[in-house]
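What follows is one structure encoded as structure tokens, with my remarks underneath.
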Amino acid sequence: MYPTRPERPQDRRKEAHQGKVLDEFFDHPTLLAISRLINQGYFDAIDHPISTGKEGGVFRGTKGVRWVAIKVYRVGNATFRRFPPYALEELRREVSVRNLRTLIPAWTRREHTILGRLRAAGVRVPEPLGHFRNVLVMEYIGGPEGAAPRLKDALVDDLPGLYDDLVEQIRKMWEIARLVHGDLSPYNLLYHEGKVVTIDVAQAVSAEHPEAKRLLERDVGHLAEFLTREGLKVKTEEFLERIHPPPKSTEE
Ligand SMILES: Nc1ncnc2c1ncn2[C@@H]1O[C@H](COP(=O)(O)OP(=O)(O)OP(=O)(O)O)[C@@H](O)[C@H]1O
Ligand SMILES: [Mg+2]
């Protein structure tokens, strides 16, 4: 078992809610997308949900003797509202997005592409394995005992080691992939085998984007806050300096 924090009452309520969510979840087009991915050999079966929410869910699937993670975006307004405007603008520049039926598949493809770019830069992310419509297949992060916990729920004993790892991951995102995650927090980092794995990357933007510097500072700020709360005092400025070279702003 992974060492995790004690279960809270709200976790139980979330579980009780899951049955209902699953019924509403797999609408006809989504079932067709899943069966197409199965027919094309991306995976053999969906095992169980790892996490479900209003905008979608992540499931464990089986492929031969291995597992995969299957992220399904719900085609609805709740999903759309979660996409930050700056990322939607970027998406609109890349593809013509007329409505939810085209926007959500484009968003899913975007997550697949960005995972690939980050991985090529040596950032620890799940390997993207395929996508179709609103369904993304990627490497499963975890083991037989379950999916890896989010950093928020993990018990970390080596905080300085975690800090170094975070610096290294964000530095590679910025310097090599030239991307800013934009929603980096202990919710979108998994803790696996003593290292962080970055997930939920669809809203990442180019380092050249006018909002990039602000988003990088916000991401780093969230993580500095987390480290400080856990007992390792870290200032945002000092964290940013470690992601050297300092973000170039147009005024410089
Ligand atoms: N590749 C993976 N392997 C194992 N677990 C995963 C993987 N990807 C996502 N998860 C689990 O699914 C959860 C939700 O994934 P993600 O953050 O990508 O989706 P989301 O749409 O932001 O959902 P939420 O709003 O619940 O965070 C994660 O917190 C994690 O527990
Ligand atoms: Mg998330």
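Going by our numbering, the sequence shown opens with residue 14, and the numbers climb by one from there.
In this text, a Cβ means the ideal position worked out from N, Cα and C, and glycines have one as well.
As the structure is a prediction and not an experimental result, all values here were calculated from the model.
Can you list, in chain order, the residues of its chain whose CB lies under 7 Å from that of residue i, leaving out five sequence neighbours each side?
i, result
"Glu250", "none"
"Asn147", "Thr43, Ala46, Val85, Tyr86, Val88, Ile117, Pro118 and Thr121"
"Phe56", "Leu50, Gly74, Thr75, Lys76, Val81, Ile83 and Val150"
"Arg95", "Glu68"
"Leu245", "Leu172, Pro173 and Tyr176"
"Phe145", "Ala46, Arg49 and Leu50"
For residue i, is the beta carbon positioned less than 7 Å from some heavy atom of ligand 1?
i, result
"Lys84", "yes"
"Leu203", "yes"
"Glu158", "no"
"Gly155", "yes"
"Gly69", "yes"
"Ile63", "yes"
"Arg122", "no"
"Met186", "no"
"Gly66", "yes"
"Arg163", "yes"
"Pro139", "yes"
"Glu206", "no"
"Glu152", "yes"
Among the residues of its own chain, which have a CB less than 6 Å from the CB of residue i, if the five just before and after it don't count?
i, result
"His205", "Ile154 and Ala161"
"Phe239", "Pro199"
"Asn201", "Ile212 and Asp213"
"Glu224", "Tyr99"
"Ala134", "Lys185, Ile189 and Ala190"
"His235", "Ser198"
"Leu131", "Val138 and Ala190"
Let me know the secondary structure DSSP gives residue i once reduced to three states.
i, result
"Lys185", "helix"
"Leu197", "coil"
"Lys248", "coil"
"Ile59", "strand"
"Val218", "strand"
"Val180", "helix"
"Leu228", "helix"
"His41", "helix"
"Arg163", "strand"
"Gly89", "coil"
"Ser64", "strand"
"Gly156", "strand"
"Glu254", "helix"
"Arg112", "Rather than Arg, the amino acid found at residue 112 in this sequence is Asn. It is coil, neither helix nor strand."
"Ala134", "coil"
"Leu172", "helix"
"Pro97", "coil"
"Gly129", "helix"
Pull the bridge partners of residue i from the DSSP assignment, please.
i, result
"Trp120", "Paired residues: none, contrary to the question."
"Lys84", "Val71 and Leu149"
"Pro141", "Met151"
"Arg79", "Lys76"
"Gly234", "Beta-bridge pairing links Gly234 to no other residue."
"Thr241", "According to DSSP, Thr241 bridges with nothing at all."
"Tyr204", "Val209"
"Leu192", "Ser219"
Return yes when at least one heavy atom of ligand 2 lies under 7 Å from the C-beta of residue i, else no.
i, result
"Tyr200", "yes"
"Asp213", "yes"
Just to confirm my understanding: we take residue i, look at its own chain, exclude 5 residues before and 5 after, and list those with CB closer than 8 Å. What are they?
i, result
"Val209", "Arg137, Leu164, Leu175, Asp178, Leu179, Gln182, Leu202 and Leu203"
"Val218", "Tyr99, Ala100, Glu103, Leu192, Val193, Gly195, Glu224, Ala225 and Leu228"
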